[in-house]
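Residue 467 in our numbering sits at position 449 of the first sequence, with consecutive numbering throughout. C-beta atoms are modelled at their ideal positions from N, C-alpha and C, and glycine is treated no differently. Note that the coordinates shown come from a computational prediction; the quantities given were computed from them, not determined experimentally.
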Amino acid sequence: MGYFKEYDPAAIEKKWQKHWEETGTLNAESSHDKPKFYPLIEFPYPSGQGLHVGHPRSNTAMDIIARKRRMEGYNVLFPIGWDAFGLPTENFAIKNGIHPAVVTKKNVDHFREQLKRLGFSFDYSREVNTTDPAYYKWTQWIFLKLWEKGLAYKSEMPINWCTSCKVGLANEEVVGGVCERCGGEVIRKVKSQWMLKITSYAQKLIDGLEDVNFIEKVSTQQRNWIGRSEGAEVDFALTTGDKLRVYTTRPDTLFGATYMVISPEHPLVEKHRALLTNYEEVAAYKEAAARKSDFERTELNKDKTGVELKGIRAVNPLTGTEIPVWISDYVLMGYGTGAIMAVPAHDDRDWAFAKKFGLPIIEVVAGGDVQNAAFTDIQTGTLVNSGFLNGLSVKDAKKAIIDYLEEKGLGERKVNFKLRDWVFSRQRYWGEPIPMVSCPCCGWVPLPYDQLPLKLPEVEKYEPTDDGESPLAAMTDWVNTACPKCGGPARRETDTMPQWAGSSWYFLRYIDPHNDKALADPEELKYWLPVDWYNGGMEHTTLHLLYSRFWHRFLYDIGVVPTKEPYMKRTSHGMILGSNGEKMSKSRGNVVNPDDVVDELGADSFRLYEMFMGAFDQAIPWQTDGARGCRRFLDRVWKLASMLNDGNGISKDLAYDINVCVKKVSEDYEQMKYNTAIAAMMTLVNTMYQKGSVSRDELGVLLQLLNPVAPHITEEMNEMCHIGPELVRKPWPQVDEKALVKDTVEIAVQINGKVRCRVNVPSDLTRESADAYFAGCEEVKRLLEGKTPKKQIYVPGRLLNIVL
RNA sequence: GCUGAAGUGGUGGAAUGGCAGACACCGGGGACUUAAAAUCCCCUGCUUUCACCGGCGUGCGGGUUCGAGUCCCGCCUUCAGCACCA
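The structure is reproduced here in structure tokens:
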């Protein structure tokens, strides 16, 4: 067999990409005959920088699964689209005076071209683009449905305001007190904002995690973010005559409440300002607290501050004791009732506050030393100084006290969540217009469904104004409209939706992307949902993933989609770092451009390296030498074409190695252990080189195993060597279990746990017959000369350990 | 502070409680070549030794076990997420 030709990645990659595009081989089939498989990657934001080496890591990983599933006989929908609304595009447009839609088109075209060069098996016929009016028509439609069900509302409230982007942010978008996107300072600002009531789905979002198969850290992070806690609300009588309601998770410690703390913004303060003998001091504290940004509030959280409300006292409902009431910014208006009962003996924050201001500390759960530290253990303590609760465990006391409070009408069981409603307004141009009209007579009126999509108007300027209004506000022609209800003059909403809107349901649109009667056909939804496997970044766990689960569950509740949960399985990739181990960024100068790598080594080598570089879920530094090593491996694979022999089938001396490889690769792909799968194929290739030649069938198996990672070179070799039909149409290889059985196996012989020699033993040697066998074994006898073994342990196929 | 993950050669990393360092990268040697590159073959944890043979080795200190990178207890360090949520 002759040597064929040089390995030329550029030529063969182009050839096969063209072939797949022309034949539509990789597109989903419209027939519903086969079992379906729906893998998903997070659709990219088409930034001006182009593709990052991080994108192909997730894409290749899911492409491998998609390609393997096709060979396993599934109808696979592996889609791609563009999450194209967003600030960077808008900022670029502002700076250069180009319409964001023009910028978006250019960026999308560039991204598509870059992705196509990498040979992903996306179904490009189903592309979606969140900025396409035919798409955002349905984003707006979902918003109107949410409004209809009372889940969208407009509210004056303090929001997180990025001073640099001049835009309101959801809690999820504030990281360490600064804007997630630009790092600008975030302050609190009262603004009228559209809100989505995700809080009413808090419990459903927790419960739904039971029905899906997310990696543990994703489920945990979602649960923590939703932050469910169980406790009670309790009323304390005030000397003013009204009641102060608090939320506590430790109602069992009620006897130990020695003072109360309310948030500086609590309405009670202003209500009773006349009674306060130190109102000036209180007002000064309030003002100081209001001025602090969230960042400052958290930075200073070690040192407690506060002011007593002199002139107001509260009464402990159980002991009848009068206790003082303080204001402090460690109590947040936005959680619970904005007021707490302080039990310094059993809460760290209350303890620190009490120590600072000399407030009494009364132990009600025995087990610690409450003068030195709060005792917060709820497992071991026993109630003391607590009347009828004395002697009970914390758990029993909780139940007893809540029953008592409910019976006496002093309080009740209560579940709280940390999750806040979703701030859905952005004072920006490049987003979906919110299809609502404000009418002086009718209030907020939804746009009728037949007027969707409400398109973005053409404007001259894209900058938000300094007072925080959207650029759309300046478009009087567009803003002034007739009320859909009464026909009178009215104004359109000028805020737009956040970037998370379009990405909350895009996986539904892929299923039926060109439908103009519904967001997708119910029959199609029934066949394709849920997404079987969704891979993405950990950074989206509390943002995109939670939001889209919320929308999907809502759509389920109103009968639009057939499944409660959108995604069956969620996995996560690690970041690719610069070669210096730091995050890749322009300013650090450690950015690797995928195009350069493809130019030098080819797409297959690039894909291979991204999968080989290390454990898939871990952050890994990029090493160009490592990528070159992967190219070297493909060169070696290519040369196998010149090592073909005349043999048929799998020869005896390769059967074992090939089947070990088939088994390892098949299992490892499923567990995303791509690095060890590739290592197994490298080992097999090394073995083939040792042997000096391979048969067509042997090479065929290797090519097929490698195909999901390196689709171009493998198809080319398959064709060039006349091995069989296109690899995409061949069934995935099965393990021949018989070939995995060897006659003898080398084991290690240890003395007291140290390896002394290796011997070959029959592979079917059992523990029971081991002693007899080794008694006659020359090597073992030699090792034991003059020594008496106390014990022998034989682990079949592994080792023999002799204890002296 | 809380939660989670992780610490293994010069580097990236492998190892259902069973031969630590698979597979690569880097480095070294050899073959081929006028030469270089590429390619092929060999070596490559540290340490003693001419060599054989040894000794030591998975962040640190204990423990369980015939046997621990892996399990348990106590620390240290790094990374990620959350951060006054009562």
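What did DSSP end up calling residue i once you bin it into helix, strand or coil?
i      : result
Ala790 : helix
Phe254 : strand
Gly249 : strand
Thr581 : coil
Thr149 : coil
Tyr63  : coil
Gln35  : helix
Tyr17  : What the structure shows of the chain is the stretch from 19 to 822, and residue 17 is not part of that stretch, so it cannot be assessed.
Cys460 : coil
Glu734 : helix
Ala357 : strand
Met175 : strand
Asn533 : coil
Asn434 : strand
Tyr447 : coil
Asn906 : Lying outside 19 to 822, the shown extent of the chain, residue 906 is not represented and no answer is given.
Closest by CA to residue i, which one among the options?
i      : options                           : result
Ala757 : Leu745, Gln722 and Asp671         : Asp671
Ser669 : Thr642, Asn125 and Leu717         : Leu717
Leu745 : Gly386, Gly186 and Glu733         : Glu733
Arg774 : Trp750, Gly186, Asn819 and Glu131 : Asn819
Phe568 : Tyr219, Trp38 and Leu293          : Tyr219
Gly226 : Glu803, Cys501 and Tyr574         : Tyr574
Arg509 : Ala538, Met454, Pro489 and Asp468 : Met454
Phe61  : Ile731, Tyr142, Ser443 and Ser48  : Tyr142
Arg246 : Lys432, Asn334, Gly399 and Phe232 : Lys432
Arg588 : Met602, His558 and Arg571         : His558
Pro502 : Gly520, Val477 and Cys459         : Cys459
Gly665 : Thr217, Ala645 and Ser711         : Ser711
Val382 : Ala372, Glu478, Glu39 and Pro362  : Pro362
Asn725 : Gln641, Ser237 and Val655         : Val655
Report, in whole angstroms, the separation of the C-beta atoms of residue i and residue j, which I expect to be a contact under 8 Å.
i      : j      : result
Ile341 : Tyr277 : 5 Å
Val767 : Leu801 : 7 Å
Leu336 : Phe254 : Contact flag wrong, Cβ pair sits at about 10 Å.
Tyr812 : Ala788 : 4 Å
Val204 : Val185 : With a Cβ gap of about 10 Å, Val204 and Val185 do not count as contacting.
Ala46  : Val120 : So it is not a contact: roughly 31 Å between Cβ atoms.
Gly66  : Phe110 : 6 Å
Which value, in whole angstroms, describes the spacing of the CA atoms of residue i and residue j?
i      : j      : result
Met593 : Phe624 : 16 Å
Glu607 : Val71  : Note that residue 607 is Gly in the sequence shown here, rather than Glu. Between Gly607 and Val71, the C-alpha separation is close to 14 Å.
Asp365 : Thr394 : 6 Å
Arg651 : Ala79  : One point to set straight first is that residue 651 is Phe, not Arg, in the sequence displayed. Those two C-alpha atoms are separated by around 19 Å.
Leu44  : Phe96  : 9 Å
Pro807 : Lys86  : 52 Å
Ala536 : Gly577 : 13 Å
Leu187 : Cys197 : 8 Å
Tyr565 : Asp539 : 23 Å
Cys457 : Arg438 : 28 Å
Ser281 : Leu350 : 6 Å
Asp26  : His37  : 17 Å
Lys6   : Leu595 : What is shown of the chain runs 19 to 822, which leaves residue 6 out entirely.
Asn693 : Asp643 : 16 Å
Gly815 : Val821 : 19 Å
Gln35  : Glu737 : 15 Å
Glu803 : Ser781 : 26 Å
Gly599 : Tyr265 : 46 Å
Tyr56  : Met586 : 10 Å
Tyr21  : Thr705 : Note that Tyr21 has pLDDT 49, beneath the 50 cutoff, so the model's placement of it is unreliable and the number below is only indicative. Those two C-alpha atoms are separated by around 20 Å.
Ala29  : Lys23  : 12 Å
Lys32  : Ile731 : 11 Å
Glu16  : Thr512 : This structure gives no information on residue 16, because the portion of the chain shown stretches from 19 to 822.
Gln810 : Glu764 : 17 Å
**OP:** Decide if the segment 632–640 is in contact with the segment 677–686; the criterion is three or more beta carbon pairs, one per stretch, under 8 Å apart.
**Re:** no
Original post:
Is there contact here, the segment 128–137 with the segment 397–404, by at least three beta-carbon pairs under 8 Å?
Top reply: no
Original post:
Taking one C-beta from the segment 205–212 and one from the segment 170–179 each time, how about it: are there three or more such pairs within less than 8 Å?
Top reply: yes
Original post:
If you pair each beta-carbon of the segment 87–107 with each one of the segment 115–126, do three or more pairs fall below 8 Å?
Top reply: yes
Original post:
Counting pairs of beta carbons, one from the segment 285–295 and one from the segment 464–481, are three or more of them closer than 8 Å?
Top reply: no
Original post:
Contact between the segment 547–557 and the segment 467–477: three or more CB pairs below 8 Å?
Top reply: no
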